[in-house]
Amino acid sequence: MFNPQNCIGDNQPDEMSLFWQKGQFEFFSGTDGVNIHYAQFIQEKEEYLTIVIVPGRCESYLKYQELAFNLYCQGYSIFIIDHRGQGLSGRMLQNPNKGYVTKFQDYVDDLKYFIENIVMPQSLEKPYLLAHSMGGTIATRYMQDCPNAIKAAVISSPMLGFYSAFLPSSLAKMLVAIKLKFNNIISKTPWYFFGQKNYAPKGFTENKLTHSTERYHSFVNLYQKNKTIQLGGVTTHWLAQSIKAQKELFAKMTQLKTPILLLQAGSDTIVCQQAQDDFCQQLHTLRPQSCPNGLPIRIDNAFHELFFETNELRNKAITQSLAWFKQHN
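So for the sequence shown, full-length UniProt numbering puts the first residue at 1; every next one is plus one.
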């Protein structure tokens with residue numbers, strides 16, 4: 001039997017396995033009838049608080065075993081959603097490798113249903129949100145649509161803008177618009193964007209997600225063993241929808257009432273750090289309880305996936321998150 005007292009300190013694979021076995025794994029019918037899968041781990045004690053984990057693009061709740069275990073051991077009930085088009089949830093295209101969503105708002109509406117109909121009936125109070133990357137955009141848009149639903153939120157490496165390297169952002173967006181228009185004229189099938197392709201894992205030395213060899217190989221092996229959760233690159237349509245969502249997020253900044261902490265990975269080359277800085281500055285001006293001092297909490301030298309980084313960097317992200325939640329208990 002799983003004993004929460006045994007998970008204090010270093011993680012034990014046997015304890016994590018026992019913990020995972022006590023989870024409930026279900027699905028509901030989301031927008032347009034797409035099956036949305038989720039995992040839940042409910043505390044057995046009478047009083048507990050709840051954290052909803054909102055993963056990033058390509059991710060499945062299967063990848064979040066260690067983090068769910070850590071947070072559960074801190075006394076929280078845990079709920080994790082698999083977004084449409086990825087993880088164990090339903091895909092919308094004939095090629096399941098293509099990163100696609102009909103409308104970005106579909107992600108938001110799925111999360112809304114999940115929290116209102118599955119999380120809240122099993123929670124004693126309003127939940128916390130812990131969201132990563134694309135999940136940060138989804139969660140923030142959700143909090144704009146439902147400003148009083150969440151007690152406090154942490155958004156880690158949120159996808160508030162795309163990292164376009166040496167290409168100006170305006171030119172990158174123009175390329176997306178041109179290719180999407182051409183795609184729609186020529187074919188009804190969404191195309192990959194330039195350089196995108198079917199699932200093909202990179203070697204550790206090529207990855208820009210984490211410095212942890214152990215955690216990187218762990219989730220690469222997970223995806224190789226579970227072909228259902230494999231996902232390739234993004235379609236031009238997905239990019240266009242995401243750019244539209246990012247624009248809408250900034251336009252509706254005044255609708256955010258939830259206290260939000262933004263964790264920024266210092267060496268992130270997946271998403272745009274300037275967009276995160278702008279978000280914090282604007283939000284703190286409107287809501288001083290969010291983004292203390294108008295800045296992200298920056299974790300220097302960390303790659304994009306803070307909760308899958310080396311222990312030193314990962315522990316900083318978890319400590320900051322838990323402190324934020326306790327501050328807003």
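All C-beta atoms in this analysis are idealised placements derived from N, C-alpha and C, irrespective of residue type, glycine included.
Here the structure is a predicted model, which means the values were calculated and not measured.
Query                                                                                                             : Result
Proximal residues to Gln5 (C-beta, below 7 Å), its chain only, five neighbours per side dropped                   : Residue placement at Gln5 cannot be trusted, given a pLDDT of 47 that sits under 50; the coordinates are not used to answer.
Asn184 in three-state terms, based on DSSP                                                                        : helix
For Gln12, three-class secondary structure by DSSP                                                                : coil
Integer-rounded CB distance, given that Thr137 should sit under 8 Å from Pro190                                   : Going by Cβ atoms, the distance from Pro190 to Thr137 rounds to 20 Å, so no, they are not a contact pair.
Alpha-carbon to alpha-carbon, Gln224 and Arg215                                                                   : 14 Å
Those residues which DSSP pairs with Gly99 across a bridge                                                        : Val234
DSSP-derived helix/strand/coil call for Gln40                                                                     : strand
First and last residue of the uninterrupted beta strand (DSSP E) at Ala152                                        : That residue, Ala152, is in no beta strand (DSSP E); it is neither H nor E in DSSP.
Bridge-paired residues (DSSP) for Glu26                                                                           : Tyr38
Same chain, Cβ closer than 6 Å to Thr140, five either side skipped, listed in chain order                         : Leu249
The stretch 71–78 / the stretch 95–112 touching (three or more Cβ pairs under 8 Å)                                : no
Cβ distance (whole Å) where Ser164 is taken to contact Ala172 below 8 Å                                           : 4 Å
Through-space distance from Asn117 to Thr31, alpha-carbon basis                                                   : 14 Å
Cβ pair count under 8 Å reaching 3, the stretch 62–71 against the stretch 9–25                                    : yes
Three-way DSSP call (helix, strand, coil) for Tyr113 in this model                                                : helix
Nonlocal neighbours in the same chain, by C-beta distance under 7 Å from Gly9, ignoring five residues either side : Reliability of the predicted coordinates at Gly9 is poor, the pLDDT of 47 falling under 50, and the value obtained from them is presented with this limitation in mind. For Gly9, where only same-chain residues beyond five positions count, there are no Cβ hits under 7 Å.
Cβ neighbour criterion (16 or more within 10 Å) applied to His217                                                 : exposed
Spatial distance of Pro168 from Gln196 (CA atoms)                                                                 : 20 Å
Top-ranked residue by Cα proximity to Val101, from Leu62, Gly85, Gln94 and Ile115                                 : Gly85
Given Ile155 as reference, the closest of Ala200, Leu129 and Asn198 once Cα atoms are compared                    : Leu129
Bounding residues of the alpha helix (DSSP H) (the contiguous stretch that carries Gln282)                        : Gln273 to Leu286
Three-state secondary structure assigned by DSSP to Arg84                                                         : coil
Three-state secondary structure assigned by DSSP to Tyr48                                                         : coil
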